[in-house]
Amino acid sequence: MEEIEYKTIEKVTNVLLFVKDVKNAAYNEQVEIELETGKKISGQVLATNEDVTIIQVFGETTGMNTKGTKVKFKGTTFKMPVSMDMVGRVFDGLGRPRDGGIPIFSDEKMDINGNPINPYAREEPSEFVQTGISSIDCMNTLVRGQKLPIFSGSGLSHNKLAAQIVKQAKILAEKQNFYVVFGGIGINSEDANFFINEFQNSGALEKSVIFLNLAADPSMERVILPRLALTTAEYLAYEKGSHVIVILTDMTNYAEALREISAARDEVPGRRGYPGYMYTDLASLFERAGKVKGKEGSVTQLPILTMPSDDITHPIPDLTGYITEGQIVLSRALDKSGIYPEVDVLLSLSRLMNQGIGKNSTREDHRNVSDQLYAAYAKGKELRSLTEIVGEDALSKTDKQYLHFAEEFENRFIKQEFNEDRSITETLDLGWELLSMIDKGEMKRIKPEFIEKYGKWKQI
Amino acid sequence: MEGKIIGISGSVVTVSGLEDPKMNNIVFIGGNELVGEIVKIEGENAIIQVYEDTSGLRIGEKAVDSNEPLSVELGPGLIGSIFDGIQRPLDKILDKEGTFISSGVKVNSLDREKKWHFKPKVEEGKIVEPGEEIGEVKETSLIKHKVLVPANKKGVIKKIAEEGDYTIEENIAILEDNNKTEEIKLMTRWPVRTARPVKEKLSPNIPLLTGQRVIDTMFPVAMGGTAAVPGPFGSGKTVIQHQLAKWSDADVIVYVGCGERGNEMTEILATFPELKDPKSGKPLMDRTILIANTSNMPVAAREASIYTGITLAEYYRDMGYSVAVMADSTSRWAEALRELSGRLEEMPGEEGYPAYLGRRVGEFYERAGRARILSGKIGAATIIGAVSPPGGDISEPVSQNTLRVTRVFWALDASLANARHFPSINWLNSYSLYTDGLNQWYRKNIAEDWPELRNKSLATLQKEAEINEIVQLVGYDALPESDKLILDVAKMLREDYLQQNAFDDIDTYASVNKQYKMLKLINQVFDAEKAALDRNVPIEKIQSVQIKPKIARLRYTSEEELDGKLKEIEKDIEEIKKINAEK
Chain A
0 MEEIEYKTIE KVTNVLLFVK DVKNAAYNEQ VEIELETGKK ISGQVLATNE DVTIIQVFGE
60 TTGMNTKGTK VKFKGTTFKM PVSMDMVGRV FDGLGRPRDG GIPIFSDEKM DINGNPINPY
120 AREEPSEFVQ TGISSIDCMN TLVRGQKLPI FSGSGLSHNK LAAQIVKQAK ILAEKQNFYV
180 VFGGIGINSE DANFFINEFQ NSGALEKSVI FLNLAADPSM ERVILPRLAL TTAEYLAYEK
240 GSHVIVILTD MTNYAEALRE ISAARDEVPG RRGYPGYMYT DLASLFERAG KVKGKEGSVT
300 QLPILTMPSD DITHPIPDLT GYITEGQIVL SRALDKSGIY PEVDVLLSLS RLMNQGIGKN
360 STREDHRNVS DQLYAAYAKG KELRSLTEIV GEDALSKTDK QYLHFAEEFE NRFIKQEFNE
420 DRSITETLDL GWELLSMIDK GEMKRIKPEF IEKYGKWKQI
Chain B
0 MEGKIIGISG SVVTVSGLED PKMNNIVFIG GNELVGEIVK IEGENAIIQV YEDTSGLRIG
60 EKAVDSNEPL SVELGPGLIG SIFDGIQRPL DKILDKEGTF ISSGVKVNSL DREKKWHFKP
120 KVEEGKIVEP GEEIGEVKET SLIKHKVLVP ANKKGVIKKI AEEGDYTIEE NIAILEDNNK
180 TEEIKLMTRW PVRTARPVKE KLSPNIPLLT GQRVIDTMFP VAMGGTAAVP GPFGSGKTVI
240 QHQLAKWSDA DVIVYVGCGE RGNEMTEILA TFPELKDPKS GKPLMDRTIL IANTSNMPVA
300 AREASIYTGI TLAEYYRDMG YSVAVMADST SRWAEALREL SGRLEEMPGE EGYPAYLGRR
360 VGEFYERAGR ARILSGKIGA ATIIGAVSPP GGDISEPVSQ NTLRVTRVFW ALDASLANAR
420 HFPSINWLNS YSLYTDGLNQ WYRKNIAEDW PELRNKSLAT LQKEAEINEI VQLVGYDALP
480 ESDKLILDVA KMLREDYLQQ NAFDDIDTYA SVNKQYKMLK LINQVFDAEK AALDRNVPIE
540 KIQSVQIKPK IARLRYTSEE ELDGKLKEIE KDIEEIKKIN AEK
């Protein structure tokens, strides 16, 4: 289809352009907007009818007017060129080079919205990814092809944790094709530099594709950026047979951008002003994780979001939690008591854990140990709040054991160093050691034969 | 006559120039012939919700009216299949298209080539009524597919095919009524938004047994009943739905994955063929139909998916089967409704949901029921709907509208889930309105004292909650011994009875008999210890009989070994009684 140029702009808002009398525009068609100054900005058709076509502008509408500004319809939806040359490069939110290098040229172009994976084509994710972090490996196991977000709050260690996962998960997969796709959405340059430095230190940088939209960059690009990142990941995974970890941070900024567009379109707002279709929209990103039949590679997603005022029922974490296969929740209380990584294991969850653990992948006692640690820690924490009222002396002997267990669990099991890479065996053994602080009779979640084999109780 | 697209906004497309468009007719949109449904008519223009991604669709492209409402194909070959929200077979799409589903893919719902072995059940010349069985096809190892006279047809069988192999499009019978003849094939069609007729709805008085203790014992659902499972994310809604799909004693299961995760459907596809039906020992997939419209698949097809699901269920109900529909999650369906309503620029009701949300929810659940079907036999369709309230707060419209029309409420509780108490059904605020109606069945088929045991156990748990409030104030030590005993027994009930491990080979399913025996035993222990207290026997003395660890192991004891273990524990109870007597 030839490119047609229109000058019939009727209305301009800070993110939208309304163009009159466009003949046969297509939904989601790409456009190029040329200002009087010659500056070019791209955009996309949001809705169209015979009278007016609404265009979402990827950038500032500063300087746009109804007289001199021209809109060119490109005839296709947003497709990005993909090639192996992208590896090691840094791009902006629209896929343009940010590192001073040349743009990517390739005959292979992929639609950034992708098509949904046929559920029948999916393969059950079941390969254990050892992150070397006890609170994840033992309690909320990550498997290849999973989407496991980090629910954090401002000022917590989500960046550090994500960097540590990339660093340590890499080692196990060294022999295979392994790539990191990093999408920085509306983050500040310090955070961006932190990741780039950490990737450099761990050698992951030369295996990375980085997309960056910094806090001062146009917010509309934030809606496009994760789609570019995921399209790249799918290319590396399914066309090139590699295992890809995608880190998207901060998804809260993505949702804000979505809300901005929705408000500009005068849509009926849903909860807290976010659009009613936010669930579907987020799902169209997160569901792009997975493993498929007949293909070598996989896409594992670790999206990061900061919960506004640490509220897990806020629409962003809430809708995310309904889509993703679990969540790693960071706790401000643990952070305040000097514990890194401050993973709140009671609120965290990995839905695909069962497939990835057990006799043939980690160890036969994994499920039982994990369940018992959960139960014991939950009980210990409950007693902790009880002692604040009635004092420790009012507790029974077993209850005191639980109370002290919870303390040790936080300080020895959850807490670890940024450079401390624990194997799953070390983690499980540590779990047994901590459990032995409690009477053996309390171990209701563990099969007797495992207690026999792995238990660390002193013989009496 | 061909129409032409004059407006596109996401999945809603406006078309002008269709000749006499009718509400809910299917229209094929654009060069790729995307499937859409007319949802509004304004003068010349028809507003259409499109079941596929509309990216790249252009103003001016054509639109063709099919003159038929959204319908499903019904016939042998449904069982064991996996369909999307508008009944396109996902396995065939994979063969044709590869890993990703593109817009405009065309595949028949049922296989046109496959031959089925048909056995006639009536003679030529017989006068038949609507819904009467004229033959059968063995569809899977578990399901005999009954070939019925269509609901709106009757007359004389002029011709019936001999026993043999036929495709679903071949004639197997000719029906004559008032000199008009009608060909009957193995395949029929039915519009999904119309409930299939029955003679009368009956009151549900047989439980749908699920093998899940907290459900069967405490909050049972009846065959043909309705149940709602609301809960925040991570509270185990999907695991419960999977457990019911695996272990409930329905004949046919229709599992609708509505706007949920792709990997959850994969899990079913990976595990069901290997699991055996506890009744027959046959693979579970031989009684299961899957409908998968995951969260990233087109939102309009998600809206249609639950209607597709219930229509397939009604079809098997009409053969006299007990069918159970799991809809996971109806909130995603309601959100699809909200999204489409927004695009139609309708005036929103509560929280942006359309004003007709309550009516639609009601209509859906009303399609459940135990019924006298047209042939006079009895069939049932049970609906179990998961609800995903934002932030776990059930004061929102979808939960509230659902609770108004469903009769069982399994309240999933985040704090139980966080303590890994699964299934995380809260025993204090869940309810089942079927309990009274089912008591008779339990009395007759399981044990006379079943209802009493159940009520006593629930009362103990209620009492525990009250005592715990006191403990918060005065501490455990200050409690009287009788209260301590209740805490003790309640703990047993919670940990050794209500909790059930879906991932343990044995604990995942407990027959009602096993449930009864376990519950009875816990109550016997309670009584014995209470008697001891009344006689002032020191508690340490009773607890020297190591009974509790044995009870804790009962969950993991197979049905064969159960009686042996029970005998051992009964001996221990005798021991306690003896200690009591000594005093």
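If you read the protein sequences in the order shown, they are chains A and B. 0 is the number of the first residue of the first sequence in numbering that gives the first Met the number 0; add one for each residue after it. 0 is the number of the first residue of the second sequence in numbering that gives the first Met the number 0; add one for each residue after it. Every residue gets a Cβ at the ideal spot worked out from N, C-alpha and C, and that includes glycine.
{"Asked": "The segment 255-279 of chain B: which residues have C-beta closer than 9 Å to a C-beta of chain A, in chain order?", "Found": "G256, G258, E259, R260, G261, N262, E263, M264, T265, E266, L268, A269 and T270"}
{"Asked": "Run through DSSP, which three-state label would A/Q215 get?", "Found": "Looking at the sequence shown, residue 215 of chain A is not Gln but Ala. Coil at A/A215, not helix or strand."}
{"Asked": "Report the option in A/Q29, A/E35 and A/E49 whose CA atom is closest to the CA atom of A/S41.", "Found": "A/Q29"}
{"Asked": "With distances taken between CB atoms, is the gap from B/G30 to B/I4 smaller than 8 Å?", "Found": "no"}
{"Asked": "Count the other CB atoms within 10 Å of the CB of A/M352; is the residue buried (16 or more) or exposed (fewer)?", "Found": "buried"}
{"Asked": "When you compare only the Cα positions, how much space is there between B/E266 and A/Q129?", "Found": "22 Å"}
{"Asked": "Could you tell me if A/N112 is buried or exposed, where buried requires 16 or more neighbouring beta carbons within 10 angstroms of its beta carbon?", "Found": "buried"}
{"Asked": "What's the call for B/H144, buried or exposed, on a 16-neighbour Cβ count within 10 Å?", "Found": "buried"}
{"Asked": "For A/V342 and A/S134, what's the separation of their Cα atoms in angstroms?", "Found": "7 Å"}
{"Asked": "Of the residues that make up the segment 34-55 of chain B, which ones have a beta carbon closer than 8 Å to any beta carbon in chain A?", "Found": "D52, T53, S54 and G55"}
{"Asked": "Could you list the residues in the segment 358-381 of chain B with a C-beta less than 8 Å from some C-beta on chain A, going in chain order?", "Found": "none"}
{"Asked": "List the DSSP bridge partners of A/E259.", "Found": "Note: A/E259 sits in no beta bridge, so no partner."}
{"Asked": "Would you verify that the beta carbon of A/V14 is, or is not, closer than 8 Å to some beta carbon of chain B?", "Found": "no"}
{"Asked": "How would you label A/S336, buried or exposed, when you count the other beta carbons within 10 angstroms and need 16 or more for buried?", "Found": "exposed"}
{"Asked": "Does the distance from the C-beta atom of A/D309 to that of A/G152 stay below 8 Å?", "Found": "yes"}
{"Asked": "Since B/N24 sits in a beta bridge, which residues does DSSP pair it with?", "Found": "B/P68"}
{"Asked": "Cβ atoms of A/K69 and A/K6: under 8 Å apart, would you say?", "Found": "yes"}
{"Asked": "Taking the C-alpha atoms as reference points, what is the distance between A/D280 and A/D370?", "Found": "34 Å"}
{"Asked": "Can you tell me the Cβ-Cβ gap for B/I92 and A/N117, rounded? I've got them flagged as a contact below 8 Å.", "Found": "6 Å"}
{"Asked": "Ignoring anything shorter than 4 residues or poking outside the segment 446-479 of chain B, list the alpha helix (DSSP H) runs there in chain order.", "Found": "449-473"}
{"Asked": "Using Cβ-Cβ distances below 9 Å, what residues of the segment 455-489 of chain B are close to chain A?", "Found": "V470, Q471, L472, V473, G474, Y475, D476 and A477"}
{"Asked": "Alpha helix (DSSP H) containing B/P190: first to last residue?", "Found": "That residue, B/P190, is in no alpha helix (DSSP H); its beta strand (DSSP E) goes T187 to P190."}
{"Asked": "Three or more C-beta pairs under 8 Å: does that hold for the segment 430-439 of chain B against the segment 214-221 of chain B?", "Found": "yes"}
{"Asked": "Taking the alpha-carbon of B/K179 as reference, which of B/G154, B/T193, B/G76 and B/V255 has the nearest alpha-carbon?", "Found": "B/G154"}
{"Asked": "Closer than 8 Å by C-beta to B/Y364: which residues in its own chain qualify, once you throw out the five before and the five after it? Chain order, please.", "Found": "T225, I382, G384, T401, V404 and T405"}
{"Asked": "Tell me which residues share the same chain as A/H157 and place their Cβ nearer than 7 Å to its Cβ, disregarding the 5 neighbours each side in the sequence.", "Found": "I149, S151, I303 and L329"}
{"Asked": "Would you kindly check if the distance between the Cβ of A/R350 and the Cβ of A/G357 is under 8 Å?", "Found": "no"}
{"Asked": "Measuring only the C-alpha atoms, how far is A/A374 from B/I424?", "Found": "17 Å"}
{"Asked": "Give, in chain order, every unbroken run of the beta strand (DSSP E) that is at least 3 residues long and sits entirely within the segment 58-101 of chain A.", "Found": "69-76 and 78-80"}
{"Asked": "So A/A24 contacts chain B; which residues on that side make the cut at Cβ distance below 9 Å?", "Found": "I7, R57 and I58"}
{"Asked": "With distance defined between alpha-carbon atoms, name the residue in A/F285, A/S283, A/A282 and A/E259 nearest to A/Y273.", "Found": "A/E259"}
{"Asked": "According to DSSP, simplified to helix, strand and coil, what is B/G256?", "Found": "strand"}
{"Asked": "Could you tell me the distance, in whole angstroms, from the CA atom of B/Q514 to the CA atom of B/Q211?", "Found": "9 Å"}
{"Asked": "Between the alpha carbons of B/K547 and A/P447, how many angstroms are there, rounded?", "Found": "15 Å"}
{"Asked": "Residues in the segment 224-239 of chain A with C-beta within 8 Å of chain B's C-beta atoms, listed in sequence order?", "Found": "Y237"}
{"Asked": "Counting Cβ pairs closer than 8 Å, one from the segment 308-326 of chain B and one from the segment 290-299 of chain A, do we hit at least three?", "Found": "no"}
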